[in-house]
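In the working numbering, the protein residues as written are 1 to 63.
Here is the structure:
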């Protein structure tokens, strides 16, 4: 069953922004990994995962 606009919940916009931040940090981490410093890239990717955990937590809480 597809989720309608009214069933997405009030956290949907927050989750979308968290996903955008996750994607941007992941892309930055990959670029840093191959061009500059693997240590800084690792911290950037860990930061991206923190945002993804926050998004998944909101999704599982289903508010």
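Backbone N, C-alpha and C define an ideal beta-carbon position, used for all residues, glycine too.
Within 8 Å, strictly: CB atoms of residue i and residue j
i, j, result
"residue 25", "residue 11", "no"
"residue 21", "residue 51", "yes"
"residue 60", "residue 14", "no"
"residue 9", "residue 62", "yes"
"residue 55", "residue 27", "no"
Nearest-angstrom beta carbon gap, residue j and residue i [assumed within contact, 8 Å]
i, j, result
"residue 40", "residue 32", "6 Å"
**Study point:** Complete alpha helix (DSSP H) runs within the segment 7-35 (minimum length 4 residues, chain order)
**Key:** 12-35
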